[in-house]
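K.L.:
Okay, handing you the structure first.
Numbering (UniProt numbering), first residue to last: 1 to 249.
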């Protein structure tokens, strides 16, 4: 049956902070494409008054909606640009944007202005963001943290039915992808996720062994050649060549 409506005031524990909502936010700003597209998926594009921190083009099915929303910055927005939109929620993909050493601001700076900041649990649960390259995973990434983000955002905005439907859909897509690979027997495949290099001579930033890329590889029965717990450590090309990955992503 349909999910129960949200009872306000709603109180949530989120990445070490307690958030209280007296009503569904009418205006939200996002810092990070993942949160932006989650809100679009939940049919909440009309509540978005500003986006920032883009990594790729928006998903094609959201282009028309996204064109109507102000892009505060391609990368990190200024603190002033975010609060200038007078949001009732700031949804944040990465703690290094808004957190103890947040480059946009600390959570306290926003909360002092009565603006709640919701950080996606996928970036704080089982992770220390004050250590290492883009944080260090204390335990492997769990897909449940993504489902939790969706369910909690759906609860904040009182659209639980949409949240439940989206989680059900994602679980089905994950199962289908795993079944497809098992059928095609991709065993004993090793891989390296190459994020970027400042120049050809320097060591590249690659995916560590406990983050989201690693979860993808493990789910598909493949192996990451990188042994670091940092999210995006640098590893020398000689080390990579010795490990000889089957595929480079």
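Backbone N, C-alpha and C fix where the C-beta goes; we use that ideal spot for every residue, glycine too.
Taking three-plus beta-carbon pairs below 8 Å as touching, is the stretch 85 to 95 in contact with the stretch 29 to 43?
P.N.:
yes
K.L.:
Which residues does DSSP list as the beta-bridge partners of residue 145?
P.N.:
Counting from 1 along the chain shown, the entry for residue 145 is found at position 145. None, per the DSSP bridge assignment.
K.L.:
What number of angstroms, rounded off, separates the C-alpha of residue 131 from the C-alpha of residue 102?
P.N.:
The sequence position of residue 131 within the chain shown is 131, counting from 1. The sequence position of residue 102 within the chain shown is 102, counting from 1. Cα-Cα distance, rounded: 13 Å.
K.L.:
Alpha carbon to alpha carbon, what distance is there between residue 75 and residue 65?
P.N.:
Start at 1 with the first residue of the chain shown, and residue 65 comes out as number 65. Start at 1 with the first residue of the chain shown, and residue 75 comes out as number 75. So the two alpha carbons sit approximately 20 Å from each other.
K.L.:
To the nearest angstrom, report how far apart residue 79 and residue 121 are at their CA atoms.
P.N.:
By one-based count along the chain shown, residue 79 stands at place 79. By one-based count along the chain shown, residue 121 stands at place 121. Rounded to whole angstroms, residue 79 to residue 121 spans 22 Å at the Cα level.
K.L.:
In terms of residues, what are the limits of the beta strand (DSSP E) holding residue 237?
P.N.:
The residue you call residue 237 lines up with position 237 of the chain shown. Residue 237 -> not in any beta strand (DSSP E); alpha helix (DSSP H) instead, spanning 237 to 243.
K.L.:
Can you give me the C-alpha to C-alpha distance between residue 197 and residue 5, rounded to a whole angstrom?
P.N.:
In the chain shown, the residue the question calls residue 197 occupies position 197. In the chain shown, the residue the question calls residue 5 occupies position 5. About 47 Å.
K.L.:
Quick check on residue 162: does DSSP put it in helix, strand or coil?
P.N.:
Mapped onto the chain shown, residue 162 falls at position 162. If DSSP states are grouped into helix, strand and coil, residue 162 belongs with the helices.
K.L.:
How is the alpha helix (DSSP H) around residue 219 delimited, first residue to last?
P.N.:
Taking the first residue of the chain shown as 1, we reach residue 219 at position 219. From DSSP, the alpha helix (DSSP H) with residue 219 extends over 212 to 219.
K.L.:
Please report the residue range of the alpha helix (DSSP H) in which residue 39 lies.
P.N.:
Counting from 1 along the chain shown, the entry for residue 39 is found at position 39. Segment 33 to 41, the alpha helix (DSSP H) holding residue 39.
K.L.:
Please name the residue, chosen from 157, 161, 159, 126, that lies closest to residue 144 on a Cα-to-Cα basis.
P.N.:
The count along the chain shown starts at 1 and reaches residue 144 at position 144. Here the closest residue by C-alpha is 126.
K.L.:
May I ask you to report which of helix, strand or coil DSSP gives residue 80?
P.N.:
As a position in the chain shown, residue 80 is number 80, starting the count at 1. Here residue 80 sits in helix by DSSP.
K.L.:
Assuming residue 64 is part of the alpha helix (DSSP H), what are its boundary residues?
P.N.:
To locate residue 64, count along the chain shown from 1; it is residue 64. From DSSP, the alpha helix (DSSP H) with residue 64 extends over 63 to 67.
K.L.:
At 3 residues or longer, and completely inside the stretch 86 to 156: list those beta strand (DSSP E) runs for me, N to C.
P.N.:
89 to 92, 117 to 119
K.L.:
Nearest to residue 83 by CA position, among 49, 156, 69, 128, is which residue?
P.N.:
By one-based count along the chain shown, residue 83 stands at place 83. The residue among 49, 156, 69, 128 with its C-alpha nearest the C-alpha of residue 83 is 49.
K.L.:
Specify the secondary structure class of residue 6 as computed by DSSP and reduced to three states.
P.N.:
Numbered from its first residue, the chain shown carries residue 6 at position 6. The answer is coil: DSSP assigns residue 6 none of H, G, I, E or B.
K.L.:
Should residue 153 go down as buried or exposed, given a rule of 16 or more other Cβ atoms within 10 Å for buried?
P.N.:
As a working note, residue 153 is residue 153 in the chain shown. Buried, by the Cβ-count rule.
K.L.:
Write down the C-beta distance between residue 86 and residue 27 rounded to the nearest angstrom, noting that I regard them as a contact closer than 8 Å.
P.N.:
In the chain shown, counting from the first residue as 1, residue 86 sits at position 86. In the chain shown, counting from the first residue as 1, residue 27 sits at position 27. Right, their Cβ atoms sit about 6 Å apart.
K.L.:
Could you tell me which of 171, 77, 116, 35 sits nearest to residue 25, measuring between CA atoms?
P.N.:
In the chain shown, the residue the question calls residue 25 occupies position 25. Residue 25 has its Cα closest to that of 116, out of 171, 77, 116, 35.
K.L.:
So if DSSP puts residue 50 in a beta bridge, which residue, or which two residues, is it bridged to?
P.N.:
The count along the chain shown starts at 1 and reaches residue 50 at position 50. Looking at the DSSP assignment, residue 50 forms a beta bridge with 29.
K.L.:
Check for me: the beta strand (DSSP E) holding residue 207 runs from which residue to which?
P.N.:
If you number the chain shown from 1, residue 207 lands on position 207. For residue 207, there is no enclosing beta strand (DSSP E), as DSSP marks it with neither H nor E.
K.L.:
What are the boundary residues of the beta strand (DSSP E) that includes residue 192?
P.N.:
Stepping through the chain shown from its first residue, residue 192 is reached at position 192. Segment 190 to 192, the beta strand (DSSP E) holding residue 192.
K.L.:
When the distance is taken between beta carbons, is residue 249 closer than 9 Å to residue 213?
P.N.:
On the chain shown, residue 213 is found 213 positions in, with the first residue counted as 1. On the chain shown, residue 249 is found 249 positions in, with the first residue counted as 1. Yes. Within cutoff.
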